[in-house]
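What follows is a single structure, written as structure tokens, with notes after it.
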Amino acid sequence: MAAGKDTNPVEITDRDADWHRFLKTRYKKGLDELSREYPHSRSLYINYRDIESFGKTGTELADELLENPGKVIGDIKDSIRTHRLVKTRKKDEQPDIHVRFINLPRKIAIREIRSEHIGKFISVEGILRKTTEVRPRITLAVFRCPAGHRTVKAQTYGPFAEPDGCQADGCTQKKLELIPRFSKFVDSQKLRIQESPEGLRGGEQPQTIDLDVTDDICGIVAPGDRIVVNGILRSMQRSSYGSKSTIFDIYLECNSIEVAEKEFEEVNISEEDEKEIIALSNDPNIYRKISHSIAPTIYGVDDVKDAIALQLFGGIAKEMPDGSRLRGDIHVLLIGDPGIAKSQMLRYVVRLSPRAIYTSGQSTTSAGLTATAVKDEFGDGRWTLEAGALVLADMGVACVDEMDKMEKHDRSALHEAMEQQSISVAKAGITATLKSRCALLGAANPKYGRFDDFVPIGDQINMPPSLLSRFDLLFVLADKPEHERDLAIAEHIIKAHSVGELIAQHNREPIPGVDEEYITEQLKPVTPEIDPAMFRKYVAYAKRTCFPRLSDEAREELIAYYMKLRDLADANKPVPVTARQLEAIVRLAEASARIRLSSVIEKSDAERVITIIDTCLRQVAYDPSSGTFDIDILATGVSKSKRDLIRTLKQVIRDIADENGRAHKPDVIELVRQQGFDRDEVERQLTAMLRSGEAMEPKHDIVKLI
Ligand code: ADP
Ligand code: MG
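Under our numbering, the first residue of the sequence shown is numbered 905, with each subsequent residue one higher.
Spelled out as structure tokens, the structure:
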């Protein structure tokens, strides 16, 4: 704080001279440019560090800006005006220049903004959640009374202020009319930022603050952008039903917006951390360590944990010379019976990723998973564009629980979000493309709540095949009773609970014979080998520094595997595996090498990934009736052998039907059976067709196609 400022508030300083000197020496170029470009460009951007480092008065000026921003901005504007520092082409024009400050050293977290900051110049960092359309706002309203007098009333952010009556001497008119033609307007936009996910510890709800943006800095940012906002904290009195409250709302009068172009350097990694990370990466057991550090309280599901480990590290996003982008993010979907710790797993992943968001498909916000344009009170009648979870998770992991219950509009927007990693919104006056470069970890329940052994898996996944094929890995987790495993889970859960009980009791009243060492020993099975804070650093470090390349052996291995899958059912040519899967394989292999911080993707990476993919494919794409892998189950929801059966069934019905299209049911079944299909299967398929309305049974044992 400036010396003497508090002790002697009326101290006279020649600010005009100070600022004049500052502008002349440091911002001559900027001011000359404004002279040339005005009114097209009308903001002078001043770097805070330039003020701070400006001779003897520097720190004093800088402090004054933070403490008393209104006065400082006025001083600088006055200085520009009196010394005619901006000379426009029109001789007598007084250019209206904005003075904007950037690059402030200290940032305040949104949740730490308090009443002491009101009226101060602050800098806040966050992720843009909502933006309104840019619309004019009145700043100076000119009214006319019936007698012809004019009354002028200045307007600020908030409700429209009307004069009590005509202000002319002696005039008693009450009814005034606004004259827009003489009033002044400014472009305005309202924004809402929220704390960025990496700043939140353990699933806290992010807090938000609203921004009032005017004139030339309107419309330069989009939801999902990470920005630093500098401005003056203002307060506005609340009122309800016309009566004023003693409670005030706050908003930030935005002075400047800085867009954080790069990824935030969100995770601080010290030199010791780096040493520890490198040591870990050289550990021969690193893969086991990593996957054991993911949700250690959850027993089993090792393949899922391995997959999540790969997802957290991620593949490499590639920019191609033609401008296209290949995603590096790995999408994983867990479909499973209730109560097998899916939600638990997702919540844990949020703690491990440097930047992650947890949300439910039945999202509480109107923006849902993707983005939406609405007209609500936030925009005071303007359209508002709001970012959903996948936009806010840009450059991170979006954990979406209960995905099967998501909104319809999300479902269609998700296709674009997952593959192109952007979300387009075109509605009313708003068209925007928002970025959503995130990995998606989804959890869903089967269609009928639980898996049914007698219905093919493909039928039980309540999601369009086009969406399913965009997941790199898909796990089917059925909760089948299995004696050994159940016992192990039971023991694991009980152990975790009883240690918890022990600790609680011990904290209340020390138990003899129980000490720290004993507790640590007991906690071992549920303690992660790498603690979450270190894990986050590890992931951030790998993503920042490690960009591995395929070795020849790995390439051969991957191609061979892909060809094997393609060839498996070559005989009658269904397309078992699509190119999407090959891309997935490459991404996973990249992630696998990243865990070792290796610059080369080795054969071992390829093998590790192939094992994981094999397990997944076996669960979902393995068609037991033909003994082949058939990705068509995913891509169209119907396996090839079943497609053949349906085709044959329909053909037979057509062949033997009478002129009314009726066929004798037992004959149909027998004829289809003779073509090599299983009798039960044929009957089941026919029943399914009757139920779905593809066929009908007008009389007993008579079928007809519709
Ligand atoms: P879901 O979301 O799959 O319906 P939850 O994540 O809500 O299930 O899990 C239900 C509870 O069961 C959790 O408290 C979880 O800890 C426990 N649980 C389920 N499976 C396991 C397991 N394999 N190991 C440890 N705990 C488990
Ligand atoms: Mg759940």
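Every residue, glycine too, gets a C-beta built ideally from N, C-alpha and C.
In this text the structure is predicted, and so the values were computed from the model without any measurement.
Expressed to the nearest angstrom, what Euclidean distance is found between the alpha-carbon atoms of residue i and residue j?
i	j	result
L1345	Q1579	43 angstroms
T963	L1137	22 angstroms
A966	H1002	18 angstroms
F1282	T1288	7 angstroms
V1418	Q1409	11 angstroms
A1213	D1456	25 angstroms
I1190	R1498	11 angstroms
Y1203	L1553	46 angstroms
I1610	A1297	47 angstroms
Q1324	F958	48 angstroms
K1603	G1565	13 angstroms
E956	T1201	52 angstroms
R1039	G1123	10 angstroms
N972	T1043	22 angstroms
R1448	R1033	26 angstroms
V1046	R1315	50 angstroms
A1483	M1467	11 angstroms
D920	Y931	15 angstroms
A1058	I1173	51 angstroms
V1504	L1492	13 angstroms
T1515	I1365	23 angstroms
E1420	H1396	21 angstroms
G1219	L1486	13 angstroms
M1249	A1199	6 angstroms
S1239	F1379	Note that residue 1239 is Ile in the sequence shown, not Ser. So the two alpha carbons sit approximately 6 angstroms from each other.
L1590	A1444	54 angstroms
V1125	E1029	14 angstroms
P1452	K1428	34 angstroms
L1082	G974	29 angstroms
D922	A1332	49 angstroms
E1180	V1171	15 angstroms
E1162	N1007	8 angstroms
H987	I980	11 angstroms
L969	R1440	38 angstroms
If residue i sits next to residue j, beta carbons under 8 angstroms apart, how far is it from one beta carbon to the other, in whole angstroms?
i	j	result
T1274	A1343	Contact flag wrong, Cβ pair sits at about 16 angstroms.
A1446	L1501	6 angstroms
F1025	N951	Wrong, their Cβ atoms sit about 14 angstroms apart, outside the cutoff.
R1015	E1099	7 angstroms
A1277	I1334	5 angstroms
S983	L948	In fact, because the Cβ distance is near 11 angstroms, the residues do not count as touching under 8 angstroms.
L1095	I1244	So it is not a contact: roughly 41 angstroms between Cβ atoms.
P1110	E1290	Actually they are not in contact, since the Cβ atoms of P1110 and E1290 sit about 14 angstroms apart, beyond 8 angstroms.
A1013	F1217	Not quite, the Cβ-Cβ distance comes to about 28 angstroms (not below 8 angstroms), so this is no contact.
Using a Cβ-Cβ cut-off of 6 angstroms (strictly less than) and excluding sequence neighbours within five positions of residue i, which residues of its own chain qualify?
i	result
Y1236	The displayed chain sequence assigns Val, not Tyr, to residue 1236. Contacts found: A1211, Q1215, L1345 and L1377.
L1462	I1489 and A1510
N1229	Here the sequence assigns Arg to residue 1229, which means Asn is not the residue at that position. Around R1229: E1223.
F1168	Any reading at F1168 must be qualified, since the residue scores a pLDDT of 45, below 50, and its modelled position is unreliable; the value itself is stated next. Within the same chain, F1168 has no close Cβ partners at all.
S1185	R1500 and L1501
M1307	G1265, G1346 and A1348
Y877	With the chain running from 905 to 1610 in the structure shown, residue 877 is simply not present.
T1036	Q1093, K1094, G1283, R1286 and T1288
Spatial neighbours of residue i within its chain, please: CB distance less than 7 angstroms, with the 5 preceding and 5 following residues excluded, ordered by chain position.
i	result
S1326	E1320, T1337, L1338, K1339 and S1340
D1119	H1002, V1090 and D1091
Q1071	T1055
D954	R930
Given a threshold of 16 other Cβ atoms within 10 Å of its Cβ, counted over all protein chains shown, does residue i qualify as buried or as exposed?
i	result
T961	buried
Q998	exposed
H944	exposed
A1475	The predicted model places A1475 with a pLDDT of 48, which falls under 50 and marks its position as unreliable; any figure quoted below should be read in that light. With fewer than 16 Cβ atoms within 10 Å of its Cβ, A1475 is classed as exposed.
Y1252	buried
N1411	exposed
F1005	buried
I1557	buried
H994	Before going on, a small fix: residue 994 reads as Lys here, not His. Counting Cβ neighbours within 10 Å, K994 comes out exposed, since fewer than 16 surround it.
D1305	buried
For residue i, I'd like the list of residues in its chain whose CB is within less than 8 angstroms of its CB, leaving aside the five on either flank, ordered along the chain.
i	result
I1560	A1567, H1568, D1571, V1572 and L1575
R1583	I1573 and R1577
A1051	C1070, A1072, C1075 and Q1077
L1156	I1026, V1028, I1113, D1114, L1115, D1116, V1133, G1135, I1136, L1137 and R1138
Does any CB atom of chain B fall closer than 8 angstroms to the CB of residue i?
i	result
G1265	This model lacks chain B altogether; it includes just one protein chain.
Any heavy atom of the ligand MG nearer than 6 angstroms to the CB - residues listed: K1246, S1247 and D1305
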